[in-house]
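Encoded as structure tokens, the structure appears first; notes follow it.
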């Protein structure tokens, strides 16, 4: 019978937190009304979910005495690229005149784009 090291509990906790973030991200995709709020939920939730899961996996293997540069690079690139990709997708949706939901209070980017269009 194998006994779990107490420090392995930390790795398991990180992986569990990552799973919860990923689940909440999926709930946000289903429940939120428009592409802008959905993108926000997906980019933040999935980024945090993947990061916590990879950090938990990284810690688990570090406790076993194995350093994985692939996991470390995965953490770095997910943290770097996922929010930027979500921002670019939402910006493209806004420039394509995708409507905001009725619940949206204000659109700060619309005023800026209108000023830039008038100056051209």
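Numbering (our numbering), first residue to last: 57 to 176. Ideal Cβ positions, reconstructed from N, Cα and C, are used throughout, including at glycine. No experiment lies behind these values; they were computed from the predicted model shown.
Item, Value
"State buried or exposed for residue 155, treating a residue as buried only when at least 16 other CB atoms are found within 10 Å of its CB.", "exposed"
"Taking 9 Å as the threshold (C-beta atoms), are residue 73 and residue 108 in contact?", "yes"
"Quick check: the stretch 80 to 94 against the stretch 130 to 141, are at least 3 beta-carbon pairs closer than 8 Å?", "no"
"DSSP state of residue 122, grouped into three classes?", "coil"
"Beta carbon of residue 78, beta carbon of residue 121: below 9 Å?", "no"
"Rounding to the nearest angstrom, what Cα-Cα distance links residue 119 and residue 75 in this structure?", "21 Å"
"Can you give me the start and stop residues for the alpha helix (DSSP H) that residue 69 sits inside?", "62 to 87"
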